[in-house]
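Asks: Mind having a look at this structure? Questions to follow.
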Amino acid sequence: MVMSHVVTSKDGLEQIAARFNARQKEAKYHLLVCAGAGCVSSGCHAVKNALLAALEEHGLADQVTVCETGCIGTCDLGPSLVVQPDGVFYTKLKAADMGRIVTQHLLGGSIIEKLCYFDKEKDERVKHLVDIEFFKRQTRLVTGRCGYMPFDSIEGYIASEGYFALAKALSEMSREDVIDEMKRSGLRGRGGGGFPTGVKWEAGYKAAGEQKYVVCNADEGDPGAFMDRSLLEGDPHAIIEGLLIAGYAIGADRAFVYVRAEYPLAVERLQKAIGQAREYGFLGDQVMGTDFRFDIEIRIGAGAFVCGEETALMASIEGKRGEPRQKPPFPFEAGVYGKPTIINNVETYANVPLIILKSAEWYAGFGTPGSKGTKVFALAGDVQNTGIVEVPMGMPFGEIIYDIGGGPQKGKRFKAAQTGGPSGGCLTREHLNAPVDFDSLRSLGTIMGSGGLIAMDEDTCMVDVARFFMEFVQDESCGKCVPCRIGTRRMLEILERITKGQGRESDIEVLQELAITCRETATCGLGQTAGNPVLSTLRYFRDEYEEHIRHKHCRAGVCTELMVSPCQNACPAGVNVPGYVALIAAGRPRDAYNLVRKENPFPAICGRICTHPCESKCRRAQLDDPVAICDLKRYAADYVFENEEPYMDLVFPKKPESVGIIGAGPAGLTCSYYLARLGYDVTVYETQPIAGGILAYGIPEYRLPKKILAKEIRMIEQAGVTIQTGVEVGKDVTFKKLRAKHNAIFIATGTQFPNTIDVPGEELEGVYHGLDFLRDVSLGKPVQVGKNVVVIGGGSTAFDAARTALRLGADKVTVLYRRLIEDMPADEREIQEALDEGIEIRQLMAPVAFVGKKTVSGVRCVRMELRGFDDSGRRKPRPVEGLEFVISADMVIPAVSQHSDLPFISKDEVEVTKWGTLRVDADSMMTNMRGVFAGGDVVRGPDVAITAIADGKQAAVAIDKFLGGPGTLNTGEPIEIPMPTDEKEVVEHERFPLRLRDVDTRKTSFSEVVIGFHKLNAIAEAMRCLRCDRR
Amino acid sequence: MELHTPTCQCGEETEEARRARVAEIIDEFHAQPDNLIQILHLVQGIYGYLPLDVQQFIAERMDLPLSEIYGVSTFYSFFSTEPRGEYTIRVCMGTACYVRGSTKILKRLSEMLDVAVGSTTKDRKFTLEVMRCMGACGLAPAVSVNGEVIPQVNPDKLNRILEMCS
Chain A
0 MVMSHVVTSK DGLEQIAARF NARQKEAKYH LLVCAGAGCV SSGCHAVKNA LLAALEEHGL
60 ADQVTVCETG CIGTCDLGPS LVVQPDGVFY TKLKAADMGR IVTQHLLGGS IIEKLCYFDK
120 EKDERVKHLV DIEFFKRQTR LVTGRCGYMP FDSIEGYIAS EGYFALAKAL SEMSREDVID
180 EMKRSGLRGR GGGGFPTGVK WEAGYKAAGE QKYVVCNADE GDPGAFMDRS LLEGDPHAII
240 EGLLIAGYAI GADRAFVYVR AEYPLAVERL QKAIGQAREY GFLGDQVMGT DFRFDIEIRI
300 GAGAFVCGEE TALMASIEGK RGEPRQKPPF PFEAGVYGKP TIINNVETYA NVPLIILKSA
360 EWYAGFGTPG SKGTKVFALA GDVQNTGIVE VPMGMPFGEI IYDIGGGPQK GKRFKAAQTG
420 GPSGGCLTRE HLNAPVDFDS LRSLGTIMGS GGLIAMDEDT CMVDVARFFM EFVQDESCGK
480 CVPCRIGTRR MLEILERITK GQGRESDIEV LQELAITCRE TATCGLGQTA GNPVLSTLRY
540 FRDEYEEHIR HKHCRAGVCT ELMVSPCQNA CPAGVNVPGY VALIAAGRPR DAYNLVRKEN
600 PFPAICGRIC THPCESKCRR AQLDDPVAIC DLKRYAADYV FENEEPYMDL VFPKKPESVG
660 IIGAGPAGLT CSYYLARLGY DVTVYETQPI AGGILAYGIP EYRLPKKILA KEIRMIEQAG
720 VTIQTGVEVG KDVTFKKLRA KHNAIFIATG TQFPNTIDVP GEELEGVYHG LDFLRDVSLG
780 KPVQVGKNVV VIGGGSTAFD AARTALRLGA DKVTVLYRRL IEDMPADERE IQEALDEGIE
840 IRQLMAPVAF VGKKTVSGVR CVRMELRGFD DSGRRKPRPV EGLEFVISAD MVIPAVSQHS
900 DLPFISKDEV EVTKWGTLRV DADSMMTNMR GVFAGGDVVR GPDVAITAIA DGKQAAVAID
960 KFLGGPGTLN TGEPIEIPMP TDEKEVVEHE RFPLRLRDVD TRKTSFSEVV IGFHKLNAIA
1020 EAMRCLRCDR R
Chain B
0 MELHTPTCQC GEETEEARRA RVAEIIDEFH AQPDNLIQIL HLVQGIYGYL PLDVQQFIAE
60 RMDLPLSEIY GVSTFYSFFS TEPRGEYTIR VCMGTACYVR GSTKILKRLS EMLDVAVGST
120 TKDRKFTLEV MRCMGACGLA PAVSVNGEVI PQVNPDKLNR ILEMCS
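The listed protein sequences correspond, in order, to chains A and B. Residue 568 in numbering that gives the first Met the number 0 is what sits at position 569 of the first sequence, and the numbering runs on without skipping anything. Residue 112 in numbering that gives the first Met the number 0 is what sits at position 113 of the second sequence, and the numbering runs on without skipping anything.
What follows is the structure, encoded as structure tokens:
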């Protein structure tokens, strides 16, 4: 030991700091390479070596310092480098980039933008670390040195105020003062429980006994949590200083840091830091020259999750099996070797020097009344930016997920986030505005835990999440107490059963009972909290459990045993997608068409206008693009229509019962088709002169030609359905008469009445509601289109109206939407096609009034901003005050939403919801009137065609059962599907191109925009299918 | 593609020499029972696992009952009481790999190596295991050999992988 290093006073610290800072000033640049474990595994050492070599080569070695710094937090962007004093942040570096950084940046003074962080949202490179959104919103107190200081230099630590807190505590504060300061700071344990640290220390201080211990719990075992690892690796001296102050306060002379065996790098760095601390006299018999004696020993775990529990951890420190024991006695009474012991986790200790140095009042200035300071989170899962983040307690949950995390990936919807690991629970879309602090999370049924925050998008099955955590806990249960050992096993068995489609009605109740029994009777925290993920997912996602148990359906498409494939599972009508795609690949388009038609009588129509939920679940998207499922369906249909004769469906012998269906839209026609095939006598009543409902008059010719619609409706008629058009129920025939005439009635009248948007001026001439406009154009009524048209809305109706107006001669069409383009419900392709045709979209705009004397002359708009979140998890638009202006227009088309109305039934006879939709039994689809069924938009409110088709099918099953049948649909002969035999590698390939009509011709006509696949491209596209249906 | 070979090169060492090293480790920790876990870590570093007779040796040297040594070495997942192969092959059974045929891969590997899943070959060359999702779903089915991910494995590719391990 070199005695000259020993520091005994604040002056000594200041001298070291001054020396260090002077040395730093000599250098022109400081280069900090992130050396968090993430960056190490992505090769930061190779980058650093290349950097050193490049500096040497250009003779800069003495003008530039290069050091390794603690985890900056952007683990998915490594290796990364901070160039100080410029504050430039380079990401995703390769060794080969280093020469350029030296020559262009260090010598040439120009920043290499291509290597800077790319902000996807803003679509630009951000040069400076402080300007990156991910960092901007953070408050980095305990992670403050990471990215600014070398982690392995004790002098660097001292130069950034390190060990000043220790000096202050030893020279200016009594032990009682330290404890008082800690109590006043309001710091609560960061390991999960949130117990006030000062109170714990006071108990340790007051505990009787000569020998006391301080323990640092660094057994960070929650899957997805790595905050403590980052701190140990990135700022080990802060932990040492925190332990020293704790030891001083309670009167301990020895500390153990219990590190899990999975963190060798943390052990190595901490060990080195302990050595340095001894050398400088911070550890040893006379800490900083005083008579305070203190030393630290590292104990390495051996892979047991339960050792994170404090009594198990203490057993493990003693070299025993890590089995927990009953409390009391609490560790402060009888801890390691039976002596009074204070256990805190890594992050808690990292907060201590800050509090002592800067005062409790300063610290309490961060956070909420009940939870002071900041919290470090390990953000992982389905968000764009993953890594380590530090935010003030009380930050709204949504800000962490969206503003820092960048929200879900690939346009998916956020679903939930798990906090607190296997002992915690989940937060959902509804909670995006909730503050993240100890008490708020507890009230929502979860816990802060140590800070793992795993975001999950819509593709996550909550039952499967519960199963995953239960499997983990079951595996990690030490087996000492019965409730945990057997309870977790039973819960796991039930959850496995549910995810395999063998769930039973009583399963949910048994799960709840087991979870609660575990909570009340297990020995330690692991067992007591084992059921939390189950209870929490049940609290917020009970419907998903019920869906798995009753309908054997997993909406997320995760539980593979409940489905043919994720795409088929996602299709409301349950079409065998991989089957028909394989048939197309095998050159059998007619069989493909028939296979679709077994489950959906409108393949040609859906091949054009379906919102294709199937494609959003396509696994191919993980590799390149999802398979163009919808376009392939269209290809098969077009091929059949062009090349083959129509054919007859196999219809069962006639039955005596008859069914009346009101409304010839997708729901009504689908229901009629399946009922007719079962042999029922079916009549469809339609008010309009043509059948098809919204398909006929709500979707323009250029998206769905009337000829195609007529062809598939004709095929339904051929199955034996009678369609009476121009018959309005309630006017031409009474509802009562229909009920008397038919054995069952299916109401599928949809939502045909446009909602007003309720702004002044809606009655002006030139204001034409979207659905009315499309209907009148479709029915060939004379329609006066303006030259300067403004459309309001972001759905399909808005875009159909906008593009129709353009085709009818409008010079300029502008779509106003109150949120962002990516939030629009309209299909992405539809939006792109509209933009290509020259339609302008103005986002974040809402109308306040339509202006004009008699005729409309403009729209008064207000600029919107997105703040906070609504219940659906979308950002809430709200007006920016004072930002109003008028957009001139001679025609305004509001297209915001529609509602239904049933003038033919009196409202006291049938049960309706507050939105005016019919209330039906979810399984039988029957209204409160016996024999009267309903489905489609009249029940759901405005929705898409494929859900109406699914409803029509389900209604056919329900009506058959009602009329005494077995409820089995006649979908015709089985079709043999080719099984894949090849075992060749999958080669990345984007979608094969689809032919579109060119922009200039399509703008002026109603010819179909999409021409379709060329045969070879269709086959090639179909071969991109990964065949997830094979097992 | 290069594969990392395990760091242990103890095959040459005699049993006496190994025992001597174990004794040295125990003495370094003053045979203190609370350092048992740290001692077992180091001993496993020598043998690659914790054979029963070595546990017996530790028990005697530390003056602890064998049951306690055995209790600790079977409690923690880092310790193995069975020998492990030079190469650990893990077949991903995550959903994406599962549907892309990882069961077939596993079955074929088990046949090729003549070893049950979760066990080590007689020549101690390979240990065959399954693992949960390793996050390489876009590259499914994936297999890892000593921690290195090998993407898009098919039964034909398995031969090449096994050849690389020699």
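Glycine included, each C-beta is placed from N, C-alpha and C at the ideal position.
1) Are the C-beta atoms of residue 71 of chain B and some chain A residue less than 7 angstroms apart?
2) Among A:133, A:213 and A:249, whose alpha-carbon lies nearest the alpha-carbon of residue 179 of chain A?
3) Could you check how far apart the C-beta atoms of residue 1035 of chain A and residue 63 of chain A are, in whole angstroms? I think they sit under 8 angstroms.
4) Please give the ranges of any alpha helix (DSSP H) in the region 568 to 647 of chain A, keeping only runs that are unbroken, at least 4 residues long and fully inside the region.
5) Between residue 112 of chain B and residue 127 of chain B, how many whole angstroms is the CB-CB distance? I'm expecting something under 8 angstroms.
6) Taking the Cβ atom as the reference point for each residue, do residue 876 of chain A and residue 863 of chain A lie within a distance shorter than 7 angstroms?
7) Roughly how many whole angstroms lie between the Cα atoms of residue 149 of chain B and residue 326 of chain A?
8) Does any C-beta atom of chain B lie closer than 7 angstroms to the C-beta of residue 614 of chain A?
9) For residue 219 of chain A, name the three-state secondary structure that DSSP assigns.
10) If we count the other Cβ atoms within 10 Å of its Cβ and call it buried at 16 or more, is residue 768 of chain A buried or exposed?
11) If you check the beta carbons only, do residue 823 of chain A and residue 793 of chain A fall under 7 angstroms apart?
12) Can you tell me where the beta strand (DSSP E) with residue 558 of chain A in it begins and where it stops?
13) Using the DSSP secondary-structure output, state which residues sit across from residue 371 of chain A in a beta bridge.
14) What residues in the region 113 to 134 of chain B bring their beta carbon closer than 8 angstroms to a beta carbon of chain A?
15) Using the rule of at least 16 other Cβ atoms within 10 Å of the residue's Cβ for burial, across every protein chain shown, is residue 403 of chain A buried or exposed?
16) Quick one, are the C-beta atoms of residue 351 of chain A and residue 493 of chain A less than 7 angstroms apart?
17) Does any residue of chain A have a CB that is nearer than 7 angstroms to the CB of residue 48 of chain B?
18) Jot down the residue ranges of each uninterrupted beta strand (DSSP E) in the region 82 to 147 of chain B, minimum 3 residues, whole runs only, in chain order.
19) To the nearest angstrom, how far is the alpha carbon of residue 156 of chain A from that of residue 165 of chain A?
20) Here's the rule I'm using: 16 or more other beta-carbon atoms within 10 Å means buried, otherwise exposed. How should residue 21 of chain A be labelled?
21) Counting only beta-carbon separations shorter than 7 angstroms, does residue 33 of chain B have a partner in chain A?
22) Where DSSP assigns a beta bridge to residue 680 of chain A, which residues make up the other side?
23) What residues match up with residue 811 of chain A in a beta bridge as DSSP calls it?
24) Whose CA, out of A:93, A:120, A:45 and A:85, lies closest to the CA of residue 820 of chain A?
25) With DSSP as the reference, label residue 382 of chain A as helix, strand or coil.
26) Grab me the residues of residue 666 of chain A's own chain with a C-beta within less than 6 angstroms of its C-beta, minus the 5 sequence neighbours each way, in chain order.
27) State yes or no: is the beta carbon of residue 317 of chain A nearer than 7 angstroms to at least one beta carbon in chain D?
28) Listing by chain order, which chain A residues have their CB less than 8 angstroms from the CB of residue 36 of chain B?
29) What residue ranges within the region 0 to 43 of chain A form continuous beta strand (DSSP E) runs of no fewer than 3 residues, ordered along the chain?
30) Within the continuous beta strand (DSSP E) that includes residue 177 of chain A, where are the two ends?
31) At the level of alpha carbons, what is the spacing between residue 35 of chain A and residue 294 of chain A?
32) How far does the beta strand (DSSP E) with residue 426 of chain A in it reach, from first residue to last?
33) For residue 1028 of chain A, I'd like the list of residues in its chain whose CB is within less than 6 angstroms of its CB, leaving aside the five on either flank, ordered along the chain.
34) Give a yes or no on whether the C-beta atoms belonging to residue 369 of chain A and residue 438 of chain A are separated by under 7 angstroms.
35) Apart from the five residues on each side of it in sequence, which residues of its chain come closer than 6 angstroms, Cβ to Cβ, to residue 451 of chain A?
36) Which residues of the region 556 to 589 of chain A have a Cβ closer than 7 angstroms to any Cβ of chain B? Give them in chain order.
Replies: The relevant details are as follows:
1) Output row for residue 71 of chain B: interface = yes.
2) The residue with the shortest Cα to Cα distance from residue 179 of chain A is A:249.
3) Residue 1035 of chain A lies beyond the residue range present for chain A, which begins at 0 and ends at 1030; the question has no answer from this structure.
4) Residue ranges of uninterrupted alpha helix (DSSP H) with 4 or more members, entirely inside the region 568 to 647 of chain A and ordered along the chain, are 576 to 584, 588 to 598, 602 to 608, 612 to 615 and 628 to 642.
5) Right, their Cβ atoms sit about 6 angstroms apart.
6) The answer is yes: Cβ separation under 7 angstroms.
7) Whole-angstrom Cα-Cα distance: 48 angstroms.
8) Judged by the 7 angstroms Cβ criterion, residue 614 of chain A is not in contact with chain B.
9) When secondary structure is reduced to three states using DSSP, residue 219 of chain A falls in the coil class, being assigned neither helix nor strand.
10) Here residue 768 of chain A is buried: its Cβ has 16 or more other Cβ atoms, across all protein chains shown, within 10 Å.
11) Against a cut-off of 7 angstroms, the Cβ pair of residue 793 of chain A and residue 823 of chain A comes out as a contact.
12) Taken as a continuous stretch (DSSP letters only), residue 558 of chain A belongs to no beta strand (DSSP E), as it is neither H nor E.
13) Residue 371 of chain A is bridged to A:366.
14) From the region 113 to 134 of chain B, no residue has a Cβ closer than 8 angstroms to chain A.
15) Buried, because 16 or more other Cβ atoms sit within 10 Å of the Cβ of residue 403 of chain A.
16) If you check the CB distance, residue 351 of chain A and residue 493 of chain A do not come in under 7 angstroms.
17) No, residue 48 of chain B lies away from the interface with chain A (no Cβ there is under 7 angstroms from its Cβ).
18) You should have 86 to 91, 125 to 130 and 142 to 144.
19) Roughly 13 angstroms between the two C-alpha positions.
20) Counting Cβ neighbours within 10 Å, residue 21 of chain A comes out exposed, since fewer than 16 surround it.
21) Residue-level contact check: residue 33 of chain B touches chain A, since one or more beta carbons of chain A fall below 7 angstroms from its beta carbon.
22) BP columns for residue 680 of chain A point to A:657.
23) For residue 811 of chain A, which the question treats as bridged, DSSP gives the partners A:787.
24) Comparing Cα-Cα distances from residue 820 of chain A to each of A:93, A:120, A:45 and A:85, the minimum goes to A:120.
25) Of the three classes helix, strand and coil, the one that applies to residue 382 of chain A here is coil, per DSSP.
26) Exclusion of the five residues before and after residue 666 of chain A leaves 747, 934, 935, 947, 950 and 951 as the residues of its chain whose Cβ lies within less than 6 angstroms of its Cβ.
27) This model lacks chain D altogether, as its protein chains are A and B.
28) Correct list: 298, 299, 300, 301, 315 and 318.
29) Counting whole runs of 3 or more residues, the region 0 to 43 of chain A contains the beta strand (DSSP E) stretches 28 to 33.
30) Membership of residue 177 of chain A in any beta strand (DSSP E) is not indicated; the residue belongs instead to the alpha helix (DSSP H) covering 174 to 184.
31) Distance between the alpha carbons of residue 35 of chain A and residue 294 of chain A is about 26 angstroms.
32) Run containing residue 426 of chain A: 424 to 427, per the beta strand (DSSP E) assignment.
33) Around residue 1028 of chain A: 563, 564 and 577.
34) Taking a C-beta distance under 7 angstroms as the contact criterion, residue 369 of chain A and residue 438 of chain A qualify as a contact pair.
35) By the criterion of a C-beta distance shorter than 6 angstroms, residue 451 of chain A is surrounded in its chain by 221, 223, 224, 377 and 420, once the five residues flanking it on both sides are discounted.
36) For the region 556 to 589 of chain A, the set of residues with a beta-carbon nearer than 7 angstroms to any beta-carbon of chain B comprises 557 and 559, in chain order.
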